[in-house]
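Read the structure below first, then the notes.
Number of protein chains: 2
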Amino acid sequence: MAVHLAKGTRDFLPADMLARRQVVHTVQQVFERFGFEPLDTPVFERIETLTGKYGDEGEKLIYKILKRGEGGVRGEVDQALRYDLTVPLARVLAMNPDIRLPFRRYHIAKVWRADRPAKGRFREFFQCDVDIAGSSSPLADAECLAVLHTALNELGFKGFTIRLNDRRILADLAAAAGAKDSQSEKSFLVALDKLDKIGRAGVDGELAERGFAADAIETAWEALTPQADDAATLAYLGDKLGNRGKEGVAYLGQVRDAAIALGVDPARLTVDPTLARGLDYYTGPVFEATVDEPKVGSIAGGGRYDGLVGVFSKQDIPCVGVSLGLERIVTVMAELGMLPEAGPVAEVLVTVFSDDQLGDSLAAANALRAAGVRTEVYAGSPKLKNQFKHANARGYTWLVVVGPDEAAEGVVTLKNLRTGEQQRIAAAQAGARILESR
Amino acid sequence: MAVHLAKGTRDFLPADMLARRQVVHTVQQVFERFGFEPLDTPVFERIETLTGKYGDEGEKLIYKILKRGEGGVRGEVDQALRYDLTVPLARVLAMNPDIRLPFRRYHIAKVWRADRPAKGRFREFFQCDVDIAGSSSPLADAECLAVLHTALNELGFKGFTIRLNDRRILADLAAAAGAKDSQSEKSFLVALDKLDKIGRAGVDGELAERGFAADAIETAWEALTPQADDAATLAYLGDKLGNRGKEGVAYLGQVRDAAIALGVDPARLTVDPTLARGLDYYTGPVFEATVDEPKVGSIAGGGRYDGLVGVFSKQDIPCVGVSLGLERIVTVMAELGMLPEAGPVAEVLVTVFSDDQLGDSLAAANALRAAGVRTEVYAGSPKLKNQFKHANARGYTWLVVVGPDEAAEGVVTLKNLRTGEQQRIAAAQAGARILESR
Numbered sequence: 050m051a052v053h054l055a056k057g058t059r060d061f062l063p064a065d066m067l068a069r070r071q072v073v074h075t076v077q078q079v080f081e082r083f084g085f086e087p088l089d090t091p092v093f094e095r096i097e098t099l100t101g102k103y104g105d106e107g108e109k110l111i112y113k114i115l116k117r118g119e120g121g122v123r124g125e126v127d128q129a130l131r132y133d134l135t136v137p138l139a140r141v142l143a144m145n146p147d148i149r150l151p152f153r154r155y156h157i158a159k160v161w162r163a164d165r166p167a168k169g170r171f172r173e174f175f176q177c178d179v180d181i182a183g184s185s186s187p188l189a190d191a192e193c194l195a196v197l198h199t200a201l202n203e204l205g206f207k208g209f210t211i212r213l214n215d216r217r218i219l220a221d222l223a224a225a226a227g228a229k230d231s232q233s234e235k236s237f238l239v240a241l242d243k244l245d246k247i248g249r250a251g252v253d254g255e256l257a258e259r260g261f262a263a264d265a266i267e268t269a270w271e272a273l274t275p276q277a278d279d280a281a282t283l284a285y286l287g288d289k290l291g292n293r294g295k296e297g298v299a300y301l302g303q304v305r306d307a308a309i310a311l312g313v314d315p316a317r318l319t320v321d322p323t324l325a326r327g328l329d330y331y332t333g334p335v336f337e338a339t340v341d342e343p344k345v346g347s348i349a350g351g352g353r354y355d356g357l358v359g360v361f362s363k364q365d366i367p368c369v370g371v372s373l374g375l376e377r378i379v380t381v382m383a384e385l386g387m388l389p390e391a392g393p394v395a396e397v398l399v400t401v402f403s404d405d406q407l408g409d410s411l412a413a414a415n416a417l418r419a420a421g422v423r424t425e426v427y428a429g430s431p432k433l434k435n436q437f438k439h440a441n442a443r444g445y446t447w448l449v450v451v452g453p454d455e456a457a458e459g460v461v462t463l464k465n466l467r468t469g470e471q472q473r474i475a476a477a478q479a480g481a482r483i484l485e486s487r
Numbered sequence: 050m051a052v053h054l055a056k057g058t059r060d061f062l063p064a065d066m067l068a069r070r071q072v073v074h075t076v077q078q079v080f081e082r083f084g085f086e087p088l089d090t091p092v093f094e095r096i097e098t099l100t101g102k103y104g105d106e107g108e109k110l111i112y113k114i115l116k117r118g119e120g121g122v123r124g125e126v127d128q129a130l131r132y133d134l135t136v137p138l139a140r141v142l143a144m145n146p147d148i149r150l151p152f153r154r155y156h157i158a159k160v161w162r163a164d165r166p167a168k169g170r171f172r173e174f175f176q177c178d179v180d181i182a183g184s185s186s187p188l189a190d191a192e193c194l195a196v197l198h199t200a201l202n203e204l205g206f207k208g209f210t211i212r213l214n215d216r217r218i219l220a221d222l223a224a225a226a227g228a229k230d231s232q233s234e235k236s237f238l239v240a241l242d243k244l245d246k247i248g249r250a251g252v253d254g255e256l257a258e259r260g261f262a263a264d265a266i267e268t269a270w271e272a273l274t275p276q277a278d279d280a281a282t283l284a285y286l287g288d289k290l291g292n293r294g295k296e297g298v299a300y301l302g303q304v305r306d307a308a309i310a311l312g313v314d315p316a317r318l319t320v321d322p323t324l325a326r327g328l329d330y331y332t333g334p335v336f337e338a339t340v341d342e343p344k345v346g347s348i349a350g351g352g353r354y355d356g357l358v359g360v361f362s363k364q365d366i367p368c369v370g371v372s373l374g375l376e377r378i379v380t381v382m383a384e385l386g387m388l389p390e391a392g393p394v395a396e397v398l399v400t401v402f403s404d405d406q407l408g409d410s411l412a413a414a415n416a417l418r419a420a421g422v423r424t425e426v427y428a429g430s431p432k433l434k435n436q437f438k439h440a441n442a443r444g445y446t447w448l449v450v451v452g453p454d455e456a457a458e459g460v461v462t463l464k465n466l467r468t469g470e471q472q473r474i475a476a477a478q479a480g481a482r483i484l485e486s487r
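So this is what it looks like as C-alpha cells:
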C-alpha cells in the first residue's frame, strides 16, 4: 500500500522539531517577559462560531467536520477546525466573564486553512499570537508592537520593518474615493491591498471597474502623497482627512510614541496609509512586519478589533493583538542561516557488550539517568561495531562500554567520541563527567 | 448570541495551562533522559491511513473531515482527525526509510475521538507517547516500562501498579478455550477484557453466548489460577500453555528482568494473564498502569506491535511503545493534591501614574524587561487604586510606581506586595532586586 500525508500537511522529524522548538522557546520567553499568559482552545469549534468572521474568501477555506465524527444519516456538518487563534479567543472572553481585564494571553498553536498548497504555504501551520483584551488605550497597541519588535530582535532578525496604519484612516480614504457604504469601503480596501503587487495603475483600474470615479480616486491618492517621515505623514494625513481619519491619525501617533518609549527602534516603524490587511474584524490600528530579505511577504501582522467579542456576547471587550507566522519565520531563518543548530537529544549511548553483560549495561544506564544524563541504551543488533556506528551516526558525544573486564572491576569505559579520549570510571562518575562537559 | 464550546472539548485558561505544563515538562524531561526524540505529525491524516486499525468500535469514533474543507458537490470525506499517536508514527516510519533504527521518538499531543463525553472522558485529549522502532529485543519493551515507571515516580505517584501480559499468552488461552480462528480469538479477548467489570461468572456467560464450550472455558481458567508471585505465574503458565504461549512467557520474563535491571521496582510489576488491552495491533507484550487510588481506570498503557508498519510498507519494522493519558493523570493529581501550584506569569505590575508620567512608566517597564523580569504595564483604567487592586488580584509579587517625584529623581518606587516593604531605586536595580528574590 502506498502511503501519503494529507495534502498540504507535513511531519516534523526530530531534527526539525529540535530546531523549531528553539525558535518557539525564544518567542514564548519574550511573550512571557511582556506578561502574556498561555491559553489553549480546542482545535475544532462549533461551525457557527467561525462563520461570518473571515470574509467570503476566508470562509471558503474553513475545514468542516462531520457531526459526531460520522455525520449521521444526513452527513451533517456541525464543527470546523479553527482558522485562526483570534476568533477562539473572542469566544473564550465571551464565555468567561470572570476573566480579569486587562487580560494578556498568548497562544502558540496550529491553525488550518484548506488553501491551495504552495512553496511556504501549508494547510496546517503554526501561529504565535499575543492579544490584550479589555484595554482601549493606545498603550495596549504599543505593547503589541513592542513584543513583536523584541521577538524579531531576539530571533536575530537584522533587517525588518513594521508598517502601521489605522482602519479609520482607510475608511476616510475610501470615503474620499467615493465609497458610500461598508460594502464599497471593503471593495476599496481589497483593491488598495494589491498596491504592492499591481502598482498604482493596477489599483486605479480595479477601482474604476468597481465603479469608483476617477476624480474621487485622485483625491484619495493625493492624501497618500509620500511624506518625509512618519511625523510628516501623520500631520499631512490629519490635514487631508475628515474627523474619523483625524481620530485614527491621533491614535496612531500615540501608539507610535508609546512603542518608541517601550524601546521600539523608530527606524523599524513606518506609517503606511495604504496598508489594508484582509480580515474583516479590525477596527483601529493595523500592522504588519516584513523582512527586507528574502521577499516572502509579511511574517507577522495584527491590529485592534473592538467589535469581535460583542458578536458572541452582550458585553463588548476592546482587543488588540499580533500574530507571528511561524512557518515564514522559520523559512526566512533557514534561508539566512539563522536557525539554531540542534544536536540529538541523547548525550551518550550505552552499548550492550553481550547477553551476559546486559545487566551491567542496564545498571550503568540507570546510574547515568539518575545523574540526569540523557541516555540511550542500544537495543538493536548485538555487534559492538554496529553500536559504535549508531552512536556516531546519531551524533552522540559519549559512548559507554561495559565488557567483562569493566564488570569485574565495577567500572565502565567512558569514551568521548569527539576527542577519542577514554577512561575507566564508575558509572556515577561517568554521569558527573558528562554533565560537567555540557 | 449564545456561544458554546463544541461538545466534549475544553478551553485551558492560564491557571490550568500553567499547572498542566509543569506536568508535561516533567514527563518530557523523563522521556528525553531515556533518549527519546520529539516528533510531530499533522492532526489530520488521509482517511485510509486510519481505517482498519482500531477495531470496529474504535473506527466509529474517528472524526471525518470534508474534502478540501468543503466536500465539493458530493460532500466527500477524505481526511480524518488522528485517533491516536501510534498509527501516525507507523505511517512516518513507512514513509521515511532513512530514519536510523532503533529509533526512539516521543510525541505529546492531542488526539480526538467522537466518544460520548463523561466525567474525565473528552472528545479532545492529550496523549504522551514513547515508542522504540526497529528493535525486537525485550530490552526495548523493558525501556518502555522503565520510562513509564520513572515518569510516574517523578510526577509524585506513590501507589501504582503496572500489569504485564503478552498477546501470545492470550492467544494460547483463547486456543485452550476453543478459539479456532482470529475472529473467535478476538471474541475471547473482548469477553476476558471485561473481567474487572463483570467478574468471572459474567465472562463465562459472555463466552457461552459467543459459542465457547464450558469445559474448554474451564481449561483456560485453570491456566489462569493465581500464583504466589510473578516468577511462579510465569512458570505455571509456561507449564500449562502450548508453544506460542511458552514463547510469550519466556519473552515476558526477559522483559521483566531487564526492566528491574533498569531500576523498575519489582513491587510495582504484576504479570496478569487476563490483561487484554483493546487495540487490534498488539502482537507481543501488553502493559497497563493503574493508580491504587482513586479508581479511574488505567492512566497509561502500551505494548509491542510488530505488524503495523508493514501495513503501510513492504519493509516491516518491529515497534513497542507506551502512552500516558494526560487527562487521567492530571485528574488523579488534582484529586490527590499533587498538582503543582502555578503562580501568574508576570512578576511585577508597572503602574501608570498619569498621562504625563506615561513615558517614565514605559521606560521603567523597558528596563525591567531588559533585565529579564516578566513585566505587565497596566493598560486599563487610570485610577491608581484600580492598578493596585489588579496587581493583588493577579497575584503579582511586585509593584512599580513612577510618580512625578520618582521621575524627577530618576528612580522608581518598588513595592513588595507580600511584605509591604518598599524602596526607591533605579529601574535597572529594581530588575536585579526582583531577579534575586525569585
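Chains as they are written, first to last, in our numbering: chain S, 50 to 487; chain H, 50 to 487.
Every residue, glycine too, gets a C-beta built ideally from N, C-alpha and C.
Looking only at its chain, what residues have a beta carbon closer than 6 Å to the beta carbon of H/Ala391, apart from the 5 residues adjacent to it on each side? On the second sequence, residue 391 of chain H is found 342 positions in, with the first residue counted as 1. Leu67, Ala68.
Using only the alpha-carbon positions, how far apart do S/Asp314 and S/Leu201 sit? Residue mapping note: residue 314 of chain S aligns to position 265 of the first sequence, counting from 1. Residue mapping note: residue 201 of chain S aligns to position 152 of the first sequence, counting from 1. Rounded to the nearest angstrom, the gap between the Cα atoms of S/Asp314 and S/Leu201 is 12 Å.
Using a Cβ-Cβ distance cut-off of 7 Å, determine whether S/Gln303 contacts chain H. By 1-based counting over the first sequence, the position of residue 303 of chain S is 254. Not an interface residue.
Boundaries of the alpha helix (DSSP H) in which H/Glu296 is found, first to last residue: On the second sequence, residue 296 of chain H is found 247 positions in, with the first residue counted as 1. Counting along the chain, the alpha helix (DSSP H) containing H/Glu296 begins and ends at 292-310.
Exposure label - S/Leu484; buried when at least 16 CB within 10 Å: Looking up residue 484 of chain S in the first sequence gives position 435. Exposed, by the Cβ-count rule.
Backbone secondary structure at S/Phe61 - three-state DSSP: Along the first sequence, one-based indexing puts residue 61 of chain S at 12. Reduced to three states, the DSSP call for S/Phe61 is strand.
Do you know how far the Cα of S/Phe261 is from the Cα of S/Lys102? Within the first sequence, residue 102 of chain S is the residue found at index 53, counting from 1. Within the first sequence, residue 261 of chain S is the residue found at index 212, counting from 1. Cα to Cα, the separation comes out at about 26 Å.
If we define contact as Cβ-Cβ less than 7 Å, is S/Asp180 a contact residue for chain H? Translated into positions along the first sequence, residue 180 of chain S becomes position 131. Cβ-Cβ to chain H under 7 Å: no for S/Asp180.
Any beta carbon of chain H sitting closer than 7 Å to that of S/Phe61? Walking along the first sequence from the start, residue 61 of chain S turns up at place 12. Yes, its Cβ sits closer than 7 Å to a Cβ of chain H.
Span of the alpha helix (DSSP H), counted from its first residue to its last, around H/Phe361: Reading the second sequence from its first residue, position 312 is the one you call residue 361 of chain H. Run containing H/Phe361: 357-361, per the alpha helix (DSSP H) assignment.
Answer with yes or no whether the minimum CB distance from H/Ala158 to chain S is below 7 Å. Counting from 1 along the second sequence, the entry for residue 158 of chain H is found at position 109. Closer than 7 Å: no.
Applying a beta-carbon distance threshold of less than 8 Å, which residues of chain S neighbour H/Ser27? Outside the displayed span of chain H (50 to 487) sits residue 27 of chain H, for which this structure offers no information.
Report the residue from S/Ser410, S/Arg216, S/Arg95, S/Gly350 whose alpha carbon sits nearest the alpha carbon of S/Gly370. Here residue 370 of chain S is taken as the residue at index 321 of the first sequence, counted from 1. The shortest CA-to-CA distance from S/Gly370 to any of S/Ser410, S/Arg216, S/Arg95, S/Gly350 is the one to S/Gly350.
For a contact defined as C-beta to C-beta under 8 Å, what are the partners of H/Ile114 on chain S? Taking the first residue of the second sequence as position 1, residue 114 of chain H is located at position 65. Neighbours of H/Ile114 on chain S, chain order: Tyr112, Lys113, Ile114, Leu115, Leu130.
Secondary structure at S/Gln232, three-state DSSP: helix, strand or coil? Along the first sequence, read from residue 1 onward, the residue named residue 232 of chain S stands at position 183. Note: S/Gln232 maps to helix in three-state DSSP.
DSSP beta-bridge partners for H/Asp215? For the purposes of this step, residue 215 of chain H is taken as the residue at position 166 of the second sequence. H/Pro334.
Looking at chain S, is there any beta carbon in it that lies within less than 7 Å of the beta carbon of H/Arg453? In the second sequence, the residue the question calls residue 453 of chain H occupies position 404. In the sequence as displayed, the identity of residue 453 of chain H is Pro instead of Arg. No - not a single Cβ of chain S is within 7 Å of the one on H/Pro453.
By the criterion of Cβ-Cβ separation under 7 Å, what are the contact partners of S/Gly84 in chain H? Position 35 of the first sequence holds residue 84 of chain S. Simply Val394, Ala395, Arg423, Thr424, Glu425.
Per DSSP, S/Thr210 forms a beta bridge with which residues? Locating residue 210 of chain S in the first sequence gives position 161, counting from the first residue. The partner list for S/Thr210 (beta bridge, DSSP) reads S/Thr339.
Please go through the same chain and pick out, in chain order, the residues whose beta-carbon is closer than 6 Å to the beta-carbon of H/Glu255, but skip the five residues on each side of it. Start at 1 with the first residue of the second sequence, and residue 255 of chain H comes out as number 206. So the list reads Ala240, once near-sequence residues are dropped.
Which of helix, strand or coil does DSSP assign to S/Ser184? For the purposes of this step, residue 184 of chain S is taken as the residue at position 135 of the first sequence. S/Ser184: coil per DSSP, three-state reduction.
Assign H/Arg249 to buried or exposed, taking buried as 16 or more other Cβ atoms, counted over all protein chains shown, within 10 Å of its Cβ. Locating residue 249 of chain H in the second sequence gives position 200, counting from the first residue. So H/Arg249 ends up on the exposed side.
Closer than 7 Å by C-beta to S/Ala420: which residues in its own chain qualify, once you throw out the five before and the five after it? Chain order, please. As a working note, residue 420 of chain S is residue 371 in the first sequence. Result list for S/Ala420: Ala477, Gly480, Ala481, Leu484, in chain order.
Would you verify that the beta carbon of H/Pro334 is, or is not, closer than 7 Å to some beta carbon of chain S? For this step, residue 334 of chain H is matched to residue 285 along the second sequence. No - not a single Cβ of chain S is within 7 Å of the one on H/Pro334.
For S/Ala457, tell me which candidate among S/Ala440, S/Thr424, S/Ser410 has the shortest Cα-Cα distance. As a first step, residue 457 of chain S is located in the first sequence; it is residue number 408 there, counting from the start. When only C-alpha atoms are compared, the closest one is S/Ser410.
Name the DSSP beta bridge partners of H/Tyr155, please? The residue you call residue 155 of chain H lines up with position 106 of the second sequence. Answer is H/Pro87, H/Val179, bridged to H/Tyr155.
Can you list, in chain order, the stretches of the beta strand (DSSP E) that have 3 or more residues and sit fully within the segment 368-455 of chain H? With a minimum length of 3 residues, the continuous beta strand (DSSP E) runs that stay inside the segment 368-455 of chain H are 368-374, 397-399, 424-426, 447-450.
Report yes or no: is there a C-beta of chain S within less than 7 Å of the C-beta of H/Ala391? Position 342 of the second sequence, counting from 1, holds the residue named residue 391 of chain H. Answer no: the Cβ-Cβ gap between H/Ala391 and chain S never drops below 7 Å.
Does the Cβ of H/Arg216 have 16 or more other Cβ atoms within 10 Å, making it buried, or fewer, making it exposed? Residue 216 of chain H sits at position 167 when you count from the first residue of the second sequence. Buried, since its Cβ has 16 or more Cβ neighbours within 10 Å.
Less than 6 Å between C-beta atoms, sequence neighbours within five positions excluded: which residues of the same chain meet that for H/Pro367? Your numbering for residue 367 of chain H matches position 318 in the second sequence. Shown here for H/Pro367: same chain residues with a beta carbon closer than 6 Å to its own, the five before and five after excluded, namely Ser185, Asp355 in chain order.
How close, in whole Å, do the beta carbons of S/Ala163 and S/Leu99 come, if the pair is a contact with beta carbons under 8 Å? Mapped onto the first sequence, residue 163 of chain S falls at position 114. Mapped onto the first sequence, residue 99 of chain S falls at position 50. Incorrect: roughly 13 Å between the Cβ atoms, too far for contact.
Rounded separation between H/Glu82 and H/Arg95 - CA only: Position 33 of the second sequence, counted from the start, is the residue given in the question as residue 82 of chain H. Position 46 of the second sequence, counted from the start, is the residue given in the question as residue 95 of chain H. The question names Glu, but residue 82 of chain H in the sequence shown is Arg. In a straight line, the C-alpha of H/Arg82 is about 33 Å away from that of H/Arg95.
Looking at the structure shown, is H/Leu463 part of a helix, part of a strand, or coil, going by DSSP? Here residue 463 of chain H refers to the residue found at position 414 when the second sequence is read from its first residue. Here H/Leu463 sits in strand by DSSP.
C-alpha gap between H/Asp404 and S/Glu296, whole angstroms: The sequence position of residue 404 of chain H within the second sequence is 355, counting from 1. The sequence position of residue 296 of chain S within the first sequence is 247, counting from 1. C-alpha separation (whole angstroms): 18 Å.
Residue closest to S/Leu62, alpha-carbon to alpha-carbon, out of H/Asp279, H/Ser372, H/Met144, H/Arg172: The residue you call residue 62 of chain S lines up with position 13 of the first sequence. Among H/Asp279, H/Ser372, H/Met144, H/Arg172, the Cα nearest to that of S/Leu62 belongs to H/Met144.
Buried or exposed for H/Gly291, going by 16 or more other Cβ atoms inside 10 Å? As a working mapping, residue 291 of chain H is identified with position 242 in the second sequence. Its Cβ having fewer than 16 others within 10 Å, H/Gly291 is exposed.
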